[in-house]
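Each residue of the sequence shown is one higher than the last, beginning at 138 in the working numbering. Glycine included, C-beta positions come from ideal geometry on N, C-alpha and C. See below for the structure under consideration.
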Amino acid sequence: MIPKLNELINAYPDSEGAKALRVLTRQPNTDIHCINLTHFIDPPDYSSLNELLSCELSPEINPFEAISQIPMTDHQAIREIYSRLNHLLRQKAEILGFDPNATTDALDTEITALKRYVSQCLRPGGKIRNCNDEERRASQRISVAIKRLLQKAEADHPEAVAIVRNNLKMGLYFRYEELN
138 MIPKLNELIN AYPDSEGAKA LRVLTRQPNT DIHCINLTHF IDPPDYSSLN ELLSCELSPE
198 INPFEAISQI PMTDHQAIRE IYSRLNHLLR QKAEILGFDP NATTDALDTE ITALKRYVSQ
258 CLRPGGKIRN CNDEERRASQ RISVAIKRLL QKAEADHPEA VAIVRNNLKM GLYFRYEELN
């Protein structure tokens, strides 16, 4: 590693950008996926996963689906969910039209579950969340952290900042190209 680059990284030891650069410079000329780089910088807490895996689940429940934040979906699935939701709402209105005292707990439970699912699948504007949102966020987080570090360090370490800007490739995969 170049001494000036090492000085830059050591000048900001707690910076997320410096931690990312440290990982990238220790593995030069290697593509590192943004999710892996995020795990190198800030290791995830697996305690909730271990708790979930230790408890007994029914065989039809996949523990990894149970903890996934955003369900995978597409336009066709959303249309089918909306048609099922409309059918349930019409059915509930019809039942309550005949007998206002009737219990519709089963319908209410399914309606609530479908509404929750749709709210998790869609963004506030109504667009479907992409399944790669986590990758995009991780890539942006690391890119911004590195850019912030370079802006802070530009006055004190201009040569090291120039080296990083010329040799660092950012995107879905991060790569520090060390010149021989």
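Its chain contains K229, I232, L233 as the residues whose beta carbon lies nearer than 8 Å to that of T241, once the 5 sequence neighbours on both sides are disregarded; these appear in chain order. The region 213-286 contains no complete beta strand (DSSP E) run of 3 or more residues.
In the structure shown, I300 adopts helical secondary structure according to DSSP, grouped into three states. In this structure, the straight-line span from the alpha carbon of C258 to that of I139 is close to 46 Å.
Shown here, I169 sits in a strand according to DSSP, grouped into three states.
Burial of Y313 is indicated by the presence of at least 16 other C-beta atoms within 10 angstroms of its C-beta. Setting aside the 5 residues that flank it on each side, R221 is surrounded in the same chain by L251, each with a C-beta closer than 7 Å to its C-beta; the list follows chain order.
Residue state for L305 is assigned as strand, using DSSP reduced to three classes. In this structure the region 170-184 does not lie against the region 211-221, because fewer than three pairs of beta carbons, one per stretch, are closer than 8 Å. Exclusion of the five residues before and after R260 leaves R266 as the residues of its chain whose Cβ lies within less than 8 Å of its Cβ. Residue pairing for R312: DSSP places it in a beta bridge opposite K306.
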